[in-house]
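Numbers given in the working numbering equal positions in the sequence shown, counted from 1, plus 14.
We treat Cβ as the ideally placed atom computed from N, Cα and C, and that holds for glycine.
These numbers come from a predicted model, not from an experiment.
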Amino acid sequence: MWTCPEIVTLLDRYIVGQDAAKRAVAIALRNRWRRMQLSEEMRREVVPNNIILIGPTGVGKTEIARRLSQIAEIPFLKVEATKFTEKGYVGRDVDSMVRDLVENAISLVRRRAEKRFAAEIDRAVEEKLLDILFPPLDGMDADAERRARWERSRAKIAAQLRDGMLEDREVVITSEESKVPIANIFTSAGEEFDASFGDSLKELFPRRKTEKKVPVSRARSLLREQEAQSRLDMDQITAEAIELTENGGIIFLDEIDKIAGGSGHGSGPDVSREGVQRDLLPIVEGTAVSTKYGVVKTDHILFMAAGAFHMSKPSDLIPELQGRFPIRVELSSLGRDDFVRILAETEGSLVQQYTALLGVDHCRLEFTHEALEEIADLAAELNKRMENIGARRLQTLMAQLLDDILYKVPAEERGELKVDAAFVRSTLEGIIRDEDLSRYIL
């Protein structure tokens, strides 16, 4: 398990600045590991220190939480607090976010299990595809010459299959389908039903075999699913996922400021903001939520909330909920120098993304440092003149800057294309100068 400085270093690869927020989440993640090293009795007593990240849009609040979950490979769910309604109203209740988190955990644990059987599954899928594309000999008593020809031809087909030369060829595969209409009614209504009841329904509506004509690429995916299903112990995966959810899960509550009180709010939606807070309270404090995989306890799930708090402040939340978020970190607004670093230094930056996208069409895109500075200057200027949307302004600028290139490539062979400061100014300054046009485009 990483130390706190190591976690911050990993986050630095993707997020510029915001050191206080990185430090807070690093401590929270390390504390999760520390807790699991304690005795069972002490482990029950240690509760997570939930965090509120305060700052304007586009400064990295969500990205910090998302990258943290990726680093630790733990279940993560981002939800907007405004999507929930008070119990008694039509809409999503707060329990649904725990159910969604468990679903994410199931997917995560299943992927881990599939990796353990990956080589075995790949071999089995290849054999099945080969049997479909080049059926086995009818009899085992075939003469040696016939068998040798068959083996040579099969080896040739296998080589083409591995090289991806047969991906578009259509094949017929057999799959199993199960239709449980009553279960669909329950789940479409958003209700959970007992797992044993679901098993009974499956017995009433047994799986039936159907034949499908699909391309090899699709057939490989379906066969992998079948092979994985036959090798995985779903009961064990479910148990592991629930344990991982309870002890490692992170729920990120975005826009929590929108359900706070405060005189700055208008009438708001036709639901009680305070009612949603009171519904959230037992989930954050620790309760048991019924899911179709079993009961999930929320006592040790880490909750991270975020909001701009322009029209309200954290103290406008109900006191009981405030007490459940003891760590509060304020994130700073991003400026011109930050934008340069975001474009030039972060992994998976917009520059790297567009370079890779155009590389697919054999267009080699190169940005000069002066071009990145020019883009950063324009982003900072627009954030001052208009709504400050932080680093998201870079995305709108980059999309507009490369719009013509993205449209024309590969119809017009570009080869190597250098984006310099003059290109940035000539492409964007006209739009930025036109207040009416920039309002809609940027």
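Only residues of its own chain outside the window of five on either side were considered, and among them Val343 have a CB closer than 7 Å to the CB of alanine 34, listed in chain order. As for any alpha helix (DSSP H) of minimum length 4 sitting wholly inside the segment 33-68, the runs are 33-50, 54-59, ordered along the chain. Between valine 39 and isoleucine 78, the C-beta spacing is below 8 Å. DSSP lists Phe381 as the bridge partner or partners of valine 433. According to the DSSP assignment, threonine 23 belongs to the alpha helix (DSSP H) that extends over 18-26. Within its own chain, no residue has a Cβ closer than 8 Å to the Cβ of serine 440 once the five positions on either side in sequence are excluded. Contact check for alanine 233 against isoleucine 187 passes: the beta carbons are separated by less than 8 Å. By the neighbour-count definition (other C-beta atoms within 10 Å, threshold 16), tyrosine 368 is a buried residue.
Nearest C-alpha to valine 116 among Leu411, Thr252, Glu401: Thr252. By alpha-carbon distance to serine 346, the top candidate from Pro70, Leu43, Arg49, Asp26 is Pro70.
Excluding residues up to 5 positions away in sequence, nothing lies with its Cβ nearer than 6 Å to the Cβ of methionine 248 in the same chain.
Between serine 231 and the set Leu246, Asp182, Leu258, the nearest pair of CA atoms involves Asp182. The DSSP-derived three-state label of serine 189 is strand. In this structure, DSSP gives glycine 308 an extended state, which the three-state scheme calls strand.
Between isoleucine 66 and alanine 319, the C-beta gap is smaller than 8 Å, which places the two residues in contact.
Apart from sequence neighbours up to five positions away, the residues of its chain that approach leucine 364 with a beta-carbon distance below 7 Å are Leu357, Leu408, Gln409, Met412, ordered along the chain.
Annotation: glycine 404 to valine 73 spans about 6 Å, alpha carbon to alpha carbon.
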